[in-house]
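J.: First residue of the sequence shown? That's 1 in full-length UniProt numbering, and the numbers climb one at a time after it. Idealized CB from N, CA, C, for every residue including glycine. After the structure tokens below, expect a handful of questions from me.
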Amino acid sequence: MTFPPAAPAPPLLVEVEAPTSAATVVTITGEIDMVSESQVCTVVTDVLRRSRPHRLVLDMSDVTFLDSSGVRALIQCRDRAEQLGARLEIHPAHEIVRQVLSICGIADLFLLQEQ
1 MTFPPAAPAP
11 PLLVEVEAPT
21 SAATVVTITG
31 EIDMVSESQV
41 CTVVTDVLRR
51 SRPHRLVLDM
61 SDVTFLDSSG
71 VRALIQCRDR
81 AEQLGARLEI
91 HPAHEIVRQV
101 LSICGIADLF
111 LLQEQ
């Protein structure tokens, strides 16, 4: 039995909103996996270095997949934020994101809010 090739995963889209006094928001859309995790880390690190926010909010309401590489990327982003004096929050968090972080036992590392 043969199957047609799977459609390629949609590209990861990472957008940064203009920083405000309250927070800087990074919106992530798509899949965070071993292919795209470096893109997330690069953008978040760049935002932290350039704008030095007190709060960095990751809007992950449109993240459709998160694997262990993505989890590692989120932990690295959180650690980098802490080193630079910022608090990293994830909200709104897609159900997939909340489930994966809960299963890994690290949901408490992030201020998670539901969609």
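Are at least three pairs of beta-carbons, each pair with one atom in the stretch 94-110 and one in the stretch 38-47, less than 8 Å apart?
T.: In short, these stretches do not touch, since the Cβ pair count stays below three.
J.: Assign residue 79 to buried or exposed, taking buried as 16 or more other Cβ atoms, counted over all protein chains shown, within 10 Å of its Cβ.
T.: The residue in question, residue 79, is exposed, as its Cβ has fewer than 16 Cβ neighbours within 10 Å.
J.: By the 10 Å Cβ neighbour count, where 16 or more other Cβ atoms means buried, how is residue 54 classified, buried or exposed?
T.: With fewer than 16 other Cβ atoms within 10 Å, it is exposed.
J.: What are the start and end residues of the beta strand (DSSP E) that includes residue 63?
T.: From DSSP, the beta strand (DSSP E) with residue 63 extends over 55-66.
J.: In three-state DSSP terms, what is residue 31?
T.: Looking at residue 31 - three-state DSSP - the assignment turns out to be strand.
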